[in-house]
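The sequence shown begins at 2 in my numbering and counts up one residue at a time.
What follows is a set of notes on a single structure, which appears directly below.
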Amino acid sequence: MAEFFDQIADGEPGLALFLNAGDPSLDILADLVFMLDDAGVDCLELAVPFPGSVTDGPVIRRSHERALALGVGLDEVLTFISNVRPKLHRLRIALLADWSYSIKSRPMAEVVGDIAEAGADGLLLHAVPPRVRPGYYQATKDAGLPVVTTCYHKVSTQQVMAEAAEHASAYLYLVAQYGRSGTAPADGFADLAGTIAELRLDTHVPIAVGFGVKTRADVTTVHALGADAVIVGSAGVARVEEALAYNRDVVKQFEDFVRSVHPAHTLGTLRS
């Protein structure tokens, strides 16, 4: 479990933060990534931007659009990872890519090999068709690239949950509710406990919960329900958007955000 979320050994929740590559621009993003590494963040879920995401709310959709307007695609993201990865001490990078937009035009084994060679620590492939999944799992296994799988609380069938548990080798992303990113379950997170416990029976990788996790209180609540880690997306992306809109220091603004959600025991490691 320490592979992606080292804090688990200390009894604290692991923390993953979502950002689109290219929002902010890649030169600023590099400084932001190094800040996250210094801050003790466990994982950056770094997305290759893609248009028209049906699972994302307006904040992340606008982020995709800003990144795409800068011409950021898979090749640029892999170059970015290869440049920053050797300089990181703690932070892992889980690449998120949309199968249809970024992957399907290239042979699966080739593109997975390129992602592994660039230095990504894991891969979350979005919207993979069922017919493609066996080849995807085999290609990632052959490349030694850990896989992030996903399933939805209350919505995913037993078959989907079993497949997610079987094939997760980086972490299992449990989506807190079916809907768009940035929205929390209307009744709160409390009933996640049963789903987490059920998944725990079938997987030994960390279980990370996302969608609607925005504050340190949310992080604490979800961890207390049995999750090993949390994934924070829209709340952080909104800080990037605000900083860009008002011409503020994006890295400083995002550092302040990290301080607001990060488990308190590591706050002293943040770069002054």
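The C-beta atom is built at its ideal place from N, Cα and C for all residues, glycine as well.
Requested in this report: Let me know the secondary structure DSSP gives TYR102 once reduced to three states.
Outcome: As a working note, residue 102 is residue 101 in the sequence shown. Of the three classes helix, strand and coil, the one that applies to TYR102 here is helix, per DSSP.
Report task. Reducing DSSP to helix, strand and coil, say where ASP38 ends up. Result -> In the sequence shown, residue 38 corresponds to position 37, counting from 1. ASP38 falls in the helix class under three-state DSSP.
**Report entry** Per-residue DSSP class, three states only, for THR216
**Finding:** The residue given as residue 216 occupies position 215 in the sequence shown. DSSP places THR216 outside both helix and strand once states are collapsed to three, so it counts as coil.
Requested in this report: Please work out which residues of its chain come closer than 7 Å, Cβ to Cβ, to ALA140, disregarding the five sequence neighbours upstream and downstream, and give them in chain order.
Outcome: Translated into positions along the sequence shown, residue 140 becomes position 139. So the list reads MET109, ALA110, VAL113, once near-sequence residues are dropped.
**Report entry** Three-way DSSP call (helix, strand, coil) for VAL148 in this model
**Finding:** Here residue 148 corresponds to residue number 147 of the sequence shown, with the count starting at 1. Correct three-state label for VAL148: strand.
Query raised in the report: Under the three-state reduction of DSSP, which class applies to GLU46: helix, strand or coil?
Result: To locate residue 46, count along the sequence shown from 1; it is residue 45. Reduced to three states, the DSSP call for GLU46 is strand.
Query raised in the report: In or out: THR216 buried (at least 16 other Cβ within 10 Å) or exposed?
Result: The residue you call residue 216 lines up with position 215 of the sequence shown. Answer is exposed; the Cβ neighbour count stays below 16.
Query - Exposure label - LEU92; buried when at least 16 CB within 10 Å - result: Position 91 of the sequence shown, counted from the start, is the residue given in the question as residue 92. Looking at its Cβ environment, which holds 16 or more other Cβ atoms inside 10 Å, LEU92 is buried.
Query raised in the report: Would you call the region 156-167 and the region 121-128 in contact, with 3 or more CB pairs under 8 Å?
Result: They do not touch, by the three-pair rule.
Query raised in the report: Should LEU75 go down as buried or exposed, given a rule of 16 or more other Cβ atoms within 10 Å for buried?
Result: The count along the sequence shown starts at 1 and reaches residue 75 at position 74. Counting of Cβ neighbours within 10 angstroms places LEU75 among the buried residues, the total reaching 16 or more.
Requested in this report: Give the secondary structure of MET109 by DSSP, where H, G and I count as helix, E and B as strand, and everything else as coil.
Outcome: Counting from 1 along the sequence shown, the entry for residue 109 is found at position 108. Per DSSP, reduced to three states, the secondary structure at MET109 is helical.
Report task. Return the Cβ separation of ALA169 and VAL206 in integer angstroms, given the expectation that the two are a contact with Cβ distance under 8 Å. Result -> The residue given as residue 169 occupies position 168 in the sequence shown. The residue given as residue 206 occupies position 205 in the sequence shown. With a beta-carbon spacing of about 5 Å, ALA169 and VAL206 fall inside the 8 Å limit used to define contacts.
Report task. Count the CB pairs spanning the region 53-66 and the region 81-97 that are closer than 8 Å, and state whether there are at least three. Result -> At 8 Å Cβ cutoff, the stretches do not touch.
**Report entry** For VAL55, the three-state DSSP class (helix, strand or coil)
**Finding:** Locating residue 55 in the sequence shown gives position 54, counting from the first residue. VAL55: coil per DSSP, three-state reduction.
Query raised in the report: Is the region 47-55 close to the region 16-26, with three or more CB pairs under 8 Å?
Result: As far as the Cβ criterion goes, the region 47-55 touches the region 16-26, which means the pair count is three or higher.
Query raised in the report: What did DSSP end up calling TYR138 once you bin it into helix, strand or coil?
Result: Here residue 138 is taken as the residue at index 137 of the sequence shown, counted from 1. Helix at TYR138.
Query - Three-state class that DSSP yields for ASN21 in the structure shown - result: Residue 21 sits at position 20 when you count from the first residue of the sequence shown. Strand.
Report task. Excluding the 5 residues preceding and the 5 following ASN84 in the sequence, name in chain order all residues of the same chain whose CB lies nearer than 8 Å to its CB. Result -> Counting from 1 along the sequence shown, the entry for residue 84 is found at position 83. The residues are ALA31.
Query - Delimiting residues of the alpha helix (DSSP H) encompassing ALA165 - result: Translated into positions along the sequence shown, residue 165 becomes position 164. Looking at the DSSP string, the run of the alpha helix (DSSP H) that includes ALA165 is 159-168.
Requested in this report: Keeping to the same chain, check which residues put their C-beta closer than 8 Å to that of GLU77; ignore five residues upstream and five downstream.
Outcome: Here residue 77 is taken as the residue at index 76 of the sequence shown, counted from 1. Counting only Cβ-Cβ distances below 8 Å, and skipping sequence neighbours, we find ALA22, GLY23, LEU27.
Query - Cutoff 8 Å; reference ILE29; Cβ partners in own chain excluding five residues on either side - result: Start at 1 with the first residue of the sequence shown, and residue 29 comes out as number 28. Excluding sequence neighbours, ILE29 sits near VAL251, VAL252.
Report task. Please classify TYR231: does DSSP put it in a helix, a strand, or coil? Result -> As a first step, residue 231 is located in the sequence shown; it is residue number 230 there, counting from the start. Residue identity check: residue 231 is Val in the sequence provided, not Tyr. Judged by DSSP in its simplified three-state form, VAL231 adopts strand.
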